[in-house]
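Novice: Sharing a structure, written as structure tokens. Questions coming.
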Amino acid sequence: MSTRSPRPSYAALLRVPHARRTFAAALVGRLSYGTVSLALMLSLTRSTGSYAVAGLVMALFGATGVFLSPYRASLVDRHGPRRALLPMALLYAALLCALAAACRRPGTSEAALAVIAAFAGACAPPLGPTMRAVWAELLPDRALLQRAYSLDGVAEELLFVSGPLLVGGIVAVAPPTAGVVLSAVLVAVGTLAFVTSPAAAALRPAGREKNDGPAAEGRADGQARALLQPVLVAAGVGVSVSAVDLLVVAYAGERGLGDGAAAWVLAALSLGSAVGGLVNGAVAWSSPTRA
2 MSTRSPRPSY
12 AALLRVPHAR
22 RTFAAALVGR
32 LSYGTVSLAL
42 MLSLTRSTGS
52 YAVAGLVMAL
62 FGATGVFLSP
72 YRASLVDRHG
82 PRRALLPMAL
92 LYAALLCALA
102 AACRRPGTSE
112 AALAVIAAFA
122 GACAPPLGPT
132 MRAVWAELLP
142 DRALLQRAYS
152 LDGVAEELLF
162 VSGPLLVGGI
172 VAVAPPTAGV
182 VLSAVLVAVG
192 TLAFVTSPAA
202 AALRPAGREK
212 NDGPAAEGRA
222 DGQARALLQP
232 VLVAAGVGVS
242 VSAVDLLVVA
252 YAGERGLGDG
262 AAAWVLAALS
272 LGSAVGGLVN
282 GAVAWSSPTR
292 A
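Those letters in the sequence shown? Residues 2 to 292, per the numbering used here, in order.
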């Protein structure tokens with residue numbers, strides 16, 4: 002008779018050397034993604050006076066972020082977190098500040114807002130995927146690694162709970178552009194702390210693959226086709242989530258409920274997702290063996 006070994010706890014996971022510091026730094030940087038969407042949506046709506054224009058600019062911001070994500074991730078693989086993530090984060094933060102300033106400036110053209118937003122989305126550092134790569138290096142034990150991925154996913158969802166609430170608190174006392182600037186500060190500080198942690202520094206760059214003719218080109222084409230499907234799925238999810246964000250903000254505005262109501266609704270949606278992720282990580286799923 003065999004006995005099932007106990008599943009490792011989340012506390013045991015965080016006792017792994019360097020795990021707590023690296024994970025905390027990554028969460029600080031990723032909190033920016035929880036605050037920027039609502040803060041930028043409110044800033045654009047107030048600047049342009051149009052939900053349609055705000056939605057279009059947000060769509061460009063999200064589209065460049067999603068469709069260029071494989072290329073940003075490949076830069077991290079090729080050059081390592083310190084040489085790739087930090088420049089991305091600093092450029093992304095600078096563009097967010099420029100976008101906040103453009104929203105505050107009277108008479109800024111819609112085209113200018115769209116261009117700055119598109120470039121900002123293109124520079125968003127892939128902190129989540131890089132943190133998961135760090136987990137894989139830190140945790141050779143498969144059960145512990147699965148636990149880490151579960152914790153990572155739940156924590157990320159909780160950032161999307163706290164992010165809108167934080168923005169809701171900010172807009173009660175300051176313009177929403179302050180939330181955009183906060184997002185810039187969070188991603189810059191968090192990324193700097195992350196790339197200087199020993200665990201992230203231990204990630205070795207993969208380097209550029211040597212081109213050995215048609216075979217290498219065929220492999221590259223196959224990898225590009227393999228990435229197309231998940232990128233399209235992520236884009237579809239991103240479009241639907243962004244549409245919900247815009248609809249919630251528009252509904253709250255039209256009904257005179259205030260920006261705080263939109264923040265609470267978006268936080269509640271993310272909380273439900275976090276609970277689902279926590280349950281998924283706590284259950285030992287099994288599937289029948291195929292013959």
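The C-beta atom is built at its ideal place from N, Cα and C for all residues, glycine as well.
Grab me the residues of L69's own chain with a C-beta within less than 7 Å of its C-beta, minus the 5 sequence neighbours each way, in chain order.
Specialist: To locate residue 69, count along the sequence shown from 1; it is residue 68. These residues qualify, in order along the chain: A123.
Novice: Examine the Cβ distances between the region 50–70 and the region 159–175 and report whether three or more of them are shorter than 8 Å.
Specialist: Output reads no: the region 159–175 does not touch the region 50–70.
Novice: Excluding the 5 residues flanking I117 on each side, which residues of the same chain have their C-beta closer than 7 Å to its C-beta?
Specialist: Here residue 117 refers to the residue found at position 116 of the sequence shown. Excluding residues within five positions, the ones whose Cβ falls inside 7 Å are L96, A99, L100, A103.
Novice: With H, G and I counted as helix, E and B as strand and the rest as coil, what does DSSP make of E218?
Specialist: Against the sequence shown, residue 218 aligns to sequence position 217. Any answer about E218 is weak, because its pLDDT of 49 lies below 50 and its placement is not dependable; what the coordinates show is given next. Here E218 sits in helix by DSSP.
Novice: Could you tell me if A144 is buried or exposed, where buried requires 16 or more neighbouring beta carbons within 10 angstroms of its beta carbon?
Specialist: If you number the sequence shown from 1, residue 144 lands on position 143. Under this definition A144 is an exposed residue.
Novice: Cα-Cα, which of E157, A40, Y72, V37 is closest to A25?
Specialist: Position 24 of the sequence shown, counted from the start, is the residue given in the question as residue 25. The shortest C-alpha separation from A25 is found at E157.
Novice: Check for me: the alpha helix (DSSP H) holding R105 runs from which residue to which?
Specialist: One-based indexing of the sequence shown puts residue 105 at position 104. Run containing R105: 82–105, per the alpha helix (DSSP H) assignment.
Novice: Mapping DSSP to helix, strand and coil, what is G50?
Specialist: Walking along the sequence shown from the start, residue 50 turns up at place 49. If DSSP states are grouped into helix, strand and coil, G50 belongs with coil.
Novice: I believe G191 touches V29 by the beta-carbon criterion, under 8 Å. Please report the beta-carbon distance rounded to the nearest angstrom.
Specialist: Position 190 of the sequence shown, counting from 1, holds the residue named residue 191. Position 28 of the sequence shown, counting from 1, holds the residue named residue 29. With 8 Å as the limit, G191 and V29 qualify as a contact, their Cβ atoms being about 3 Å apart.
Novice: Can you list, in chain order, the residues of its chain whose CB lies under 8 Å from that of L92, leaving out five sequence neighbours each side?
Specialist: Walking along the sequence shown from the start, residue 92 turns up at place 91. Excluding sequence neighbours, L92 sits near C124.
Novice: Closest to Y150 by C-alpha separation, out of V162, L160, A137, L159, would be which residue?
Specialist: Position 149 of the sequence shown, counted from the start, is the residue given in the question as residue 150. Cα-wise, what sits closest to Y150 is A137.
Novice: Answer with buried or exposed for D142, where buried requires no fewer than 16 other C-beta atoms within 10 angstroms of its C-beta.
Specialist: The count along the sequence shown starts at 1 and reaches residue 142 at position 141. D142 is exposed by the Cβ-count criterion.
Novice: Out of L146, A185, L139, R79, point me to the one whose CA is closest to L32's CA.
Specialist: To locate residue 32, count along the sequence shown from 1; it is residue 31. Closest option to L32, Cα to Cα, is A185.
Novice: Hey, could you find the ends of the alpha helix (DSSP H) R143 is sitting in?
Specialist: Stepping through the sequence shown from its first residue, residue 143 is reached at position 142. Where R143 is concerned, the enclosing alpha helix (DSSP H) stretches over 143–172.
Novice: Flag this pair as touching only if the region 12–23 and the region 195–203 have three or more C-beta atom pairs under 8 Å; answer yes or no.
Specialist: Contact between the region 12–23 and the region 195–203 is present, because at least three Cβ pairs lie under 8 Å.
Novice: Could you round the C-beta distance between A27 and G180 to whole angstroms and report it? I think they count as a contact, below 8 Å.
Specialist: Sequence index remark: in the sequence shown, residue 27 carries index 26 (1-based). Sequence index remark: in the sequence shown, residue 180 carries index 179 (1-based). With 8 Å as the limit, A27 and G180 do not qualify as a contact, their Cβ atoms being about 21 Å apart.
Novice: Could you tell me the distance, in whole angstroms, from the CA atom of P206 to the CA atom of P177?
Specialist: Residue numbering aside, residue 206 sits at position 205 when the sequence shown is read from its first letter. Residue numbering aside, residue 177 sits at position 176 when the sequence shown is read from its first letter. The straight-line gap from Cα to Cα measures roughly 39 Å.
Novice: Distance check for P165 and L128, CA to CA, integer angstroms please.
Specialist: Indexing the sequence shown from 1 puts residue 128 at position 127. Indexing the sequence shown from 1 puts residue 165 at position 164. Taking the straight line from one Cα to the other gives about 19 Å.
Novice: Determine the extent of the alpha helix (DSSP H) in which R133 is found, giving its start and end residues.
Specialist: Within the sequence shown, the letter at position 132 stands for residue 133. From DSSP, the alpha helix (DSSP H) with R133 extends over 128–139.
Novice: Nearest CA to the CA of G63: which residue from A113, L272, F120, V276?
Specialist: If you number the sequence shown from 1, residue 63 lands on position 62. Ranking the options by Cα distance to G63, first place goes to F120.
Novice: Could you work out which residue in V168, L45, A134 is closest to A74 when comparing CA atoms only?
Specialist: Indexing the sequence shown from 1 puts residue 74 at position 73. For A74, the nearest C-alpha among the options comes from A134.
Novice: In the structure shown, what three-state DSSP assignment does P18 receive?
Specialist: The sequence position of residue 18 within the sequence shown is 17, counting from 1. Coil.
Novice: Are the beta-carbon atoms of A90 and P126 separated by less than 8 Å?
Specialist: Taking the sequence shown and counting its residues from 1, one reaches residue 90 at position 89. Taking the sequence shown and counting its residues from 1, one reaches residue 126 at position 125. Yes; because the gap between Cβ atoms is below 8 Å, this pair is in contact.
Novice: Heavy atom of the ligand FMN less than 7 Å from the Cβ of G81, yes or no?
Specialist: Absence of the ligand FMN is noted for the structure shown, with no ligands found whatsoever.
Novice: By the 10 Å Cβ neighbour count, where 16 or more other Cβ atoms means buried, how is S10 classified, buried or exposed?
Specialist: In the sequence shown, residue 10 corresponds to position 9, counting from 1. It is exposed - the Cβ of S10 has fewer than 16 other Cβ atoms within 10 Å.
Novice: With DSSP collapsed to three states, give me the class of G180.
Specialist: Translated into the one-based positions of the sequence shown, residue 180 becomes position 179. DSSP places G180 in helix when its eight states are reduced to three.
Novice: Taking DSSP as the reference, what is the three-state secondary structure of G108?
Specialist: Position 107 of the sequence shown, counting from 1, holds the residue named residue 108. Of the three classes helix, strand and coil, the one that applies to G108 here is coil, per DSSP.
Novice: Going by DSSP in three states, P71 sits in which element: helix, strand or coil?
Specialist: Residue mapping note: residue 71 aligns to position 70 of the sequence shown, counting from 1. Here P71 sits in helix by DSSP.
Novice: In angstroms, rounded to a whole number, what distance separates the CA positions of M132 and R148?
Specialist: As a first step, residue 132 is located in the sequence shown; it is residue number 131 there, counting from the start. As a first step, residue 148 is located in the sequence shown; it is residue number 147 there, counting from the start. Those two C-alpha atoms are separated by around 14 Å.
Novice: Tell me the residue span of the alpha helix (DSSP H) that contains P199.
Specialist: On the sequence shown, position 198 is the one that residue 199 refers to. Run containing P199: 199–202, per the alpha helix (DSSP H) assignment.
Novice: Go ahead and label V168 buried or exposed: buried means 16 or more other beta carbons lie within 10 angstroms of its beta carbon, across all protein chains shown.
Specialist: As a position in the sequence shown, residue 168 is number 167, starting the count at 1. By the neighbour-count rule (16 or more Cβ atoms within 10 Å), V168 is buried.
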